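Comments concern the structure below.
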Amino acid sequence: MDSLLKTDVITGVRRLFYMVTPNETSAEHVADVPNYMQESAVFFFVAILLEVAVVLIQGRENVVRLADGISSMTAGMFMMLTAIFIKGFDFAVFGWLHQTFRSVNLVWDSPTAWFLCFFGVDLCYYWFHRMAHEVNILWAAHQVHHSSEDYNLTTALRQSILQRLTSWTFYIPLAPFIPPSLILVHSQFNTLYQFWIHTELIDTLGPLEYILNTPSHHRVHHGRNRYCIDKNYAGTLIIFDRMFGTFEAEKRDDKVVYGLVHPLESYNPLYTQFCHLQWMWQRVWEVDGISNKLSVVFKGPGWDQGKPRTGLIQDIPDIHHPQPKYDPKLPLWGSVYICAHFLINFLVFHFYSEGSGNLNQLSALLGMVYMIYSFTCVGAICDLKWYAPLLESARCLVVLATLTVFDDSMVAFTKLDSVIFTAVRAVFLLSAFMWLPQCIQRFANGKSKRE
1 MDSLLKTDVI
11 TGVRRLFYMV
21 TPNETSAEHV
31 ADVPNYMQES
41 AVFFFVAILL
51 EVAVVLIQGR
61 ENVVRLADGI
71 SSMTAGMFMM
81 LTAIFIKGFD
91 FAVFGWLHQT
101 FRSVNLVWDS
111 PTAWFLCFFG
121 VDLCYYWFHR
131 MAHEVNILWA
141 AHQVHHSSED
151 YNLTTALRQS
161 ILQRLTSWTF
171 YIPLAPFIPP
181 SLILVHSQFN
191 TLYQFWIHTE
201 LIDTLGPLEY
211 ILNTPSHHRV
221 HHGRNRYCID
231 KNYAGTLIIF
241 DRMFGTFEAE
251 KRDDKVVYGL
261 VHPLESYNPL
271 YTQFCHLQWM
281 WQRVWEVDGI
291 SNKLSVVFKG
301 PGWDQGKPRT
311 GLIQDIPDIH
321 HPQPKYDPKL
331 PLWGSVYICA
341 HFLINFLVFH
351 FYSEGSGNLN
361 QLSALLGMVY
371 MIYSFTCVGA
381 ICDLKWYAPL
391 LESARCLVVL
401 ATLTVFDDSM
411 VAFTKLDSVI
421 FTAVRAVFLL
431 SAFMWLPQCI
441 QRFANGKSKR
451 E
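The sequence shown begins at 1 in the working numbering and counts up by one.
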């Protein structure tokens, strides 16, 4: 199994800032384009740890919170998990369009094509991002990214598992002109660039603020203050917001309050992903007439009968900093526990995503179900749900049994020493016993209530 570090440190850091050249990133075929997102995972993790260290040194409060950060990173892994099962269709369409309707002979190794694709992808991203805020069915996916009440590097990883189903369609206008391999390259780097701008530690970047999307600009985009709503849709360049009238500068006298207009108040990863779809379904049944039902789906999330397509700004709560955050308090042992098990789940995710191509469909599906269930257990613990001990103890016992029965297969698949699996089994055995008293208490309380 390949190591976690896929490239040298300098190259990995350069990629996060889009500091790459046509020569090193151009490829003739889509299959030849590296998975830059996956190769950057370890750099995401290290950067997050560095941000946490700086926050602790500076003594800042509520910038990085454990449960919220884990919730964000979980959403990112959910997105990458589902991408394993749906990847390829979008670029197959791009390839067909390019072969059928190609009108300009731009070759894959042309610097001109590379730079045209850079601007083209960024423009298409702007319109996708804008529509994701102005069309309710698209917002149902994109709201996941805005659901954190914190703004830090983990927030960049908070992504929807549904967004990929529609986002690729906004790049179709490029397909007749640009080789699909270049679209794949720049769509990845456009996303990678947006990782580092999710931070409060960088104030402004001087003259670069006029051209580039920066932490200051993107803080506004993530705000729920009235002046922040539906502003700064940029990916890499802020120039398109300035051109199309959606730019708003950060106000020093009105500190940004992050999150959704109506906060979710949950760390349940499945609820975070699908709650807005549930709300839309209820609204469709509540309103009368086919026109109004279609408006619920295809107009803005703030639309209501008799109001403009995107709603009224007066309907947005007029809030100002500071605002209370959803923050259930875990005991110290609970924080240590979810850190340890999240790290184990992160490593499981790494080996799964690396080796999923070698698994049969049933094994791949079971692996995905396990990770979704595991992260749901972590969310229940963070939410202090009464059923969390039952879910988590069941998970620990299932993992313990699986590792015991399939020990040789696990060693062969991961290329890890069997001693490591012995240690992991010990962790899950100890964890199961730790939850046992609470499970007994839950059953006793349930029996008392029934009697």
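The C-beta atom is built at its ideal place from N, Cα and C for all residues, glycine as well. This structure is a prediction, so every number in the text was calculated from the model and none was measured.
Inset, instruction - Measure from the alpha carbon of residue 153 to the alpha carbon of each residue in 163, 50 and 246, then state which is nearest. - result: Taking the first residue of the sequence shown as 1, we reach residue 153 at position 153. Among 163, 50 and 246, the Cα nearest to that of residue 153 belongs to 50.
Inset, instruction - Check each candidate in 196, 354, 167 and 148 and name the one with the smallest Cα separation from residue 137. - result: Your numbering for residue 137 matches position 137 in the sequence shown. Considering only alpha carbons, the answer is 167.
Legend entry - Entirely enclosed alpha helix (DSSP H) segments - the stretch 396 to 421, minimum 4 residues: 407 to 414
Legend entry - Span of the alpha helix (DSSP H) around residue 117: One-based indexing of the sequence shown puts residue 117 at position 117. Counting along the chain, the alpha helix (DSSP H) containing residue 117 begins and ends at 111 to 134.
Inset, instruction - For residue 373, collect the residues of the same chain with a Cβ closer than 7 angstroms to its Cβ; drop the 5 residues on either side in sequence, then sort them by chain order. - result: Position 373 of the sequence shown, counting from 1, holds the residue named residue 373. Result list for residue 373: 395, in chain order.
Inset, instruction - Report all residues from its chain with a CB closer than 7 angstroms to the CB of residue 223; omit the five preceding and five following residues, and keep chain order. - result: Counted from its first residue, the sequence shown places residue 223 at position 223. Cβ neighbours of residue 223 beyond the five flanking positions: 256, 257 and 258.
Legend entry - Neighbourhood of residue 76 by C-beta, 7 angstroms cutoff - its chain only, sequence neighbours within 5 removed: If you number the sequence shown from 1, residue 76 lands on position 76. So the qualifying residues of the chain are 157, 158 and 159.
Inset, instruction - Thinking residue 240 and residue 18 are a contact (beta carbons under 8 angstroms), I'd like their distance in whole angstroms, please. - result: Position 240 of the sequence shown, counted from the start, is the residue given in the question as residue 240. Position 18 of the sequence shown, counted from the start, is the residue given in the question as residue 18. That pair is no contact at about 16 angstroms.
Inset, instruction - Taking only the alpha-carbon atoms, compute the straight-line gap between residue 276 and residue 161 and give it to the nearest angstrom. - result: Working through the sequence shown from its first residue, we reach residue 276 at position 276. Working through the sequence shown from its first residue, we reach residue 161 at position 161. Each residue's Cα considered, the two are about 13 angstroms apart.
Legend entry - Cβ-Cβ separation, residue 216 to residue 108 (assumed contact under 8 angstroms), whole Å: Here residue 108 corresponds to residue number 108 of the sequence shown, with the count starting at 1. Here residue 216 corresponds to residue number 216 of the sequence shown, with the count starting at 1. Contact doesn't hold; Cβ gap of about 36 angstroms is too wide.
Inset, instruction - Express the C-alpha separation of residue 197 and residue 83 in angstroms, rounding to a whole number. - result: Residue 83 sits at position 83 when you count from the first residue of the sequence shown. Residue 197 sits at position 197 when you count from the first residue of the sequence shown. Answer to the nearest angstrom: the Cα atoms are 24 angstroms apart.
Inset, instruction - Taking only the alpha-carbon atoms, compute the straight-line gap between residue 319 and residue 226 and give it to the nearest angstrom. - result: For the purposes of this step, residue 319 is taken as the residue at position 319 of the sequence shown. For the purposes of this step, residue 226 is taken as the residue at position 226 of the sequence shown. Cα to Cα, the separation comes out at about 7 angstroms.
Legend entry - Supposed contact pair residue 177 and residue 103 - C-beta distance, whole angstroms, cut 8 angstroms: Start at 1 with the first residue of the sequence shown, and residue 103 comes out as number 103. Start at 1 with the first residue of the sequence shown, and residue 177 comes out as number 177. The Cβ separation is near 7 angstroms, so the contact holds.
Legend entry - Spatial neighbours of residue 379 in its chain, beta-carbon cut-off 6 angstroms, leaving aside the 5 residues before and after: Counting from 1 along the sequence shown, the entry for residue 379 is found at position 379. Result list for residue 379: 267, 268 and 269, in chain order.
Legend entry - CB of residue 308 within 7 angstroms of CB of residue 139, strictly: Numbered from 1 along the sequence shown, position 308 holds the residue referred to as residue 308. Numbered from 1 along the sequence shown, position 139 holds the residue referred to as residue 139. Taking 7 angstroms as the Cβ cut-off, residue 308 and residue 139 do not qualify as a contacting pair.
Inset, instruction - Count the other CB atoms, across all protein chains shown, that sit within 10 Å of the CB of residue 143; report buried if there are 16 or more and exposed otherwise. - result: Residue numbering aside, residue 143 sits at position 143 when the sequence shown is read from its first letter. With 16 or more other Cβ atoms within 10 Å, it is buried.
Inset, instruction - Give the DSSP bridge partners of residue 223, in chain order. - result: By 1-based counting over the sequence shown, the position of residue 223 is 223. Paired residues: 258.
Inset, instruction - Per DSSP, which residues does residue 237 bridge with? Please list them. - result: Locating residue 237 in the sequence shown gives position 237, where the first residue counts as 1. The partner list for residue 237 (beta bridge, DSSP) reads 212.
Inset, instruction - Please report how far the alpha carbon of residue 128 lies from the alpha carbon of residue 230, in whole angstroms. - result: On the sequence shown, position 128 is the one that residue 128 refers to. On the sequence shown, position 230 is the one that residue 230 refers to. Spanning the two alpha carbons is a distance of roughly 13 angstroms.
Inset, instruction - Find the nearest neighbour of residue 117 within the set 100, 132, 325 and 179, judged by alpha-carbon distance. - result: Position 117 of the sequence shown holds residue 117. For residue 117, the nearest C-alpha among the options comes from 179.
Inset, instruction - Would you check if the distance between the CB atom of residue 193 and the CB atom of residue 183 is smaller than 7 angstroms? - result: Within the sequence shown, the letter at position 193 stands for residue 193. Within the sequence shown, the letter at position 183 stands for residue 183. Against a cut-off of 7 angstroms, the Cβ pair of residue 183 and residue 193 comes out as no contact.
Inset, instruction - Please report the residue range of the alpha helix (DSSP H) in which residue 343 lies. - result: By one-based count along the sequence shown, residue 343 stands at place 343. Here the alpha helix (DSSP H) through residue 343 covers 332 to 355.
Inset, instruction - Count the other CB atoms, across all protein chains shown, that sit within 10 Å of the CB of residue 444; report buried if there are 16 or more and exposed otherwise. - result: The sequence position of residue 444 within the sequence shown is 444, counting from 1. Classification for residue 444: exposed.
Inset, instruction - To the nearest angstrom, report how far apart residue 33 and residue 59 are at their CA atoms. - result: On the sequence shown, residue 33 is found 33 positions in, with the first residue counted as 1. On the sequence shown, residue 59 is found 59 positions in, with the first residue counted as 1. Distance between the alpha carbons of residue 33 and residue 59: 42 angstroms.
Inset, instruction - Could you check the C-alpha separation between residue 6 and residue 39 for me, to the nearest Å? - result: Mapped onto the sequence shown, residue 6 falls at position 6. Mapped onto the sequence shown, residue 39 falls at position 39. Rounded to the nearest angstrom, the two C-alpha atoms are 6 angstroms apart.
Inset, instruction - Identify the continuous alpha helix (DSSP H) that holds residue 51 and give its terminal residues. - result: By 1-based counting over the sequence shown, the position of residue 51 is 51. Element bounds for residue 51: 41 to 58.
Inset, instruction - Measure the C-alpha to C-alpha separation of residue 66 and residue 315 and round it to an integer number of angstroms. - result: Here residue 66 is taken as the residue at index 66 of the sequence shown, counted from 1. Here residue 315 is taken as the residue at index 315 of the sequence shown, counted from 1. Rounded to the nearest angstrom, the two C-alpha atoms are 32 angstroms apart.
Legend entry - Collapsed DSSP secondary structure at residue 438 in the structure displayed: Working through the sequence shown from its first residue, we reach residue 438 at position 438. Residue state, collapsed to three classes: helix.
Inset, instruction - Could you tell me how far apart the beta carbons of residue 459 and residue 326 are, in whole angstroms, since I believe they sit closer than 8 angstroms? - result: This structure leaves residue 459 out entirely; the chain is present only between 1 and 451.
Inset, instruction - Just mark residue 451 as buried or exposed, buried being the case when its beta carbon has 16 or more other beta carbons within 10 Å. - result: Translated into positions along the sequence shown, residue 451 becomes position 451. Here the model assigns residue 451 a pLDDT of 44, short of 50, so the residue's position is not dependable, and the following value carries that caveat. With fewer than 16 Cβ atoms within 10 Å of its Cβ, residue 451 is classed as exposed.
Legend entry - Nearest candidate by alpha-carbon position, reference residue 228, set 15, 260 and 212: On the sequence shown, residue 228 is found 228 positions in, with the first residue counted as 1. The option with the nearest alpha carbon to residue 228 is 260.
Inset, instruction - With DSSP as the reference, label residue 450 as helix, strand or coil. - result: Along the sequence shown, read from residue 1 onward, the residue named residue 450 stands at position 450. Below a pLDDT of 50, predicted positions are generally treated as unreliable, and residue 450, at 45, falls in that range; the measurement from the model is reported next regardless. Reduced to three states, the DSSP call for residue 450 is helix.
Legend entry - First through last residue of the alpha helix (DSSP H) which encompasses residue 93: Residue numbering aside, residue 93 sits at position 93 when the sequence shown is read from its first letter. Counting along the chain, the alpha helix (DSSP H) containing residue 93 begins and ends at 89 to 101.
Legend entry - Beta-carbon contacts of residue 91 that lie in its chain and below 7 angstroms, excluding the five residues immediately before and after: Mapped onto the sequence shown, residue 91 falls at position 91. Correct list, in chain order: 30, 180 and 184.
Inset, instruction - Starting from the C-beta of residue 447, find all residues in its chain whose C-beta is less than 7 angstroms away, skip the five residues before and the five after it, and write them out in chain order. - result: Here the question's residue 447 lines up with position 447 in the sequence shown. Any answer about residue 447 is weak, because its pLDDT of 47 lies below 50 and its placement is not dependable; what the coordinates show is given next. Same-chain partners within the cutoff: there are none.
Legend entry - Residue nearest to residue 14 in terms of C-alpha spacing, selected from 382, 285 and 47: Here residue 14 corresponds to residue number 14 of the sequence shown, with the count starting at 1. The residue with the shortest Cα to Cα distance from residue 14 is 47.
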